[in-house]
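Structure first, then comments.
Protein chains: 2
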Amino acid sequence: MDDAQGHAYLQIGEAAERAQLTQRTLRYYEEKGLLNPPTRMDGGFRLYSADDMERIDRIRQLKELLGFSLADIKEMIESDDVRLQIRAEWRSDADTAEKAEQIRRAREVTLQQIGLLDQKMQKMNAMRDTLAERIEKYDTWLLERAPALEAGR
Amino acid sequence: MDDAQGHAYLQIGEAAERAQLTQRTLRYYEEKGLLNPPTRMDGGFRLYSADDMERIDRIRQLKELLGFSLADIKEMIESDDVRLQIRAEWRSDADTAEKAEQIRRAREVTLQQIGLLDQKMQKMNAMRDTLAERIEKYDTWLLERAPALEAGR
DNA sequence: AGTTACCTTGACGTGCGCGTTAACGTTGCT
DNA sequence: AGCAACGTTAACGCGCACGTCAAGGTAACT
């Protein structure tokens, strides 16, 4: 079960294609500490796991949707590590108290992100409203001043 | 009525401050054709009108909220000119038919912008949902694994 | 007339986010 | 063993969106 429909690991070529990014960009993100170094095959080729791919996608979202700088994103996604650690060390409860603290921090960060999203969406809604108003003004103008042309619709 | 509460015209210093941008940025936008050259006083100082300020704010919104490049924005706000023309030549109906066509184009552009906003907000909502899910996972983890610490709340 | 604050136009510098090229190693197939 | 496809690092380059001087003009007040 390795190539049925989802190669468990992807080389950089396919990884880049699926993520809609360039290979250069993936290496750059790794270089900047946004991606933890992926596992490599013997020859040194990078192998991206599903978790890696997930993370890459989050980076893209944060960048394209919210317009954060890579530096910002780096800080933000450090909370993602906690998630992965949860999965990984699910039972090796080395230090429950400390992990709880980490999770709390991750929770905080996530809440902040939600807050940012809400703020932004609110502003976007406001903008949407003014644009909609503008449309109405155009329409009334067209109806009042050039109704003949509208008859054709 | 020129300095009661809202100097009809602002020099670049105040303009920049009110818009939360630098003077350099305003000049840069002008240089790039995003702002039509503001009127000047005798000495050559720039004087920004209310319309100018409005436009500057739209540019900021398009940039910060939606993350467009200045080149993109330049194209997008050319529809704003139509609005101003409507106000200015409200009665000098030089060529109603042609103006109607311009307004139609402006309407189209505005509709596209609304579409973009909607798309983006949809994606942001999706992101919000996954983040909210994540919060829930954190919470259940905390309740299951470290409920003692939660008691303190 | 002098001072201070504000403005002007260049022109060069800068950080980010990659693109691109060069020189070279690896994989997999035949 | 050879070839094509894919990968590697290192280094330089680039466009965007300004920041930052430098050298000088203007406004307003005293």
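Chains A and B, in that order, give the protein sequences. With numbering that gives the first Met the number 0, letter number 138 in the first sequence gets 137, and the count goes up by one each step, no holes. With numbering that gives the first Met the number 0, letter number 15 in the second sequence gets 14, and the count goes up by one each step, no holes. For glycine and all other residues, C-beta sits at the position ideal for the given N, C-alpha and C.
Euclidean distance between Cα positions of residue i and residue j
{"i": "residue 74 (chain B)", "j": "residue 68 (chain B)", "result": "10 Å"}
{"i": "residue 63 (chain B)", "j": "residue 94 (chain A)", "result": "42 Å"}
{"i": "residue 151 (chain B)", "j": "residue 136 (chain B)", "result": "Here the model assigns residue 151 (chain B) a pLDDT of 49, short of 50, so the residue's position is not dependable, and the following value carries that caveat. Approximately 20 Å, taken between the alpha carbons."}
{"i": "residue 21 (chain A)", "j": "residue 38 (chain A)", "result": "19 Å"}
{"i": "residue 15 (chain A)", "j": "residue 23 (chain A)", "result": "9 Å"}
{"i": "residue 139 (chain A)", "j": "residue 126 (chain A)", "result": "20 Å"}
{"i": "residue 53 (chain A)", "j": "residue 12 (chain B)", "result": "46 Å"}
{"i": "residue 97 (chain B)", "j": "residue 18 (chain A)", "result": "45 Å"}
{"i": "residue 99 (chain B)", "j": "residue 85 (chain B)", "result": "10 Å"}
{"i": "residue 122 (chain A)", "j": "residue 124 (chain B)", "result": "14 Å"}
{"i": "residue 143 (chain B)", "j": "residue 25 (chain B)", "result": "55 Å"}
{"i": "residue 145 (chain B)", "j": "residue 7 (chain A)", "result": "34 Å"}
{"i": "residue 128 (chain A)", "j": "residue 42 (chain A)", "result": "56 Å"}
Residue i, DSSP secondary structure in three states
{"i": "residue 64 (chain A)", "result": "coil"}
{"i": "residue 8 (chain A)", "result": "coil"}
{"i": "residue 33 (chain B)", "result": "coil"}
{"i": "residue 115 (chain B)", "result": "helix"}
{"i": "residue 38 (chain A)", "result": "strand"}
{"i": "residue 20 (chain B)", "result": "coil"}
{"i": "residue 59 (chain A)", "result": "helix"}
{"i": "residue 135 (chain B)", "result": "helix"}
Close beta carbons around residue i, own chain, < 8 Å, minus the five adjacent residues each side
{"i": "residue 65 (chain B)", "result": "115, 116, 119"}
{"i": "residue 32 (chain B)", "result": "73"}
{"i": "residue 28 (chain A)", "result": "34, 55, 58, 69"}
{"i": "residue 30 (chain B)", "result": "none"}
Same chain, Cβ closer than 6 Å to residue i, five either side skipped, listed in chain order
{"i": "residue 101 (chain A)", "result": "81"}
{"i": "residue 61 (chain B)", "result": "67, 72"}
{"i": "residue 51 (chain A)", "result": "37"}
{"i": "residue 9 (chain B)", "result": "47"}
{"i": "residue 44 (chain A)", "result": "10"}
{"i": "residue 130 (chain B)", "result": "none"}
Buried or exposed by the 16-neighbour rule on C-beta atoms within 10 Å, applied to residue i
{"i": "residue 112 (chain B)", "result": "buried"}
{"i": "residue 40 (chain B)", "result": "exposed"}
{"i": "residue 133 (chain A)", "result": "buried"}
{"i": "residue 1 (chain A)", "result": "Interpretation of residue 1 (chain A) is limited by its pLDDT of 45, a score under 50 that renders its predicted location unreliable; the figure taken from the coordinates is listed afterwards. Exposed, by the Cβ-count rule."}
Residue i beta carbon near the ligand HEM (any heavy atom closer than 8 Å)
{"i": "residue 108 (chain A)", "result": "Absence of the ligand HEM from the depicted structure is noted, as is the absence of any ligand whatsoever, leaving it without description."}
Neighbourhood of residue i by C-beta distance below 7 Å, restricted to the same chain and skipping five residues each side
{"i": "residue 109 (chain B)", "result": "78"}
{"i": "residue 83 (chain A)", "result": "50"}
Can we say the stretch 97 to 115 of chain A touches the stretch 70 to 85 of chain A, given the rule of at least three CB pairs closer than 8 Å? yes
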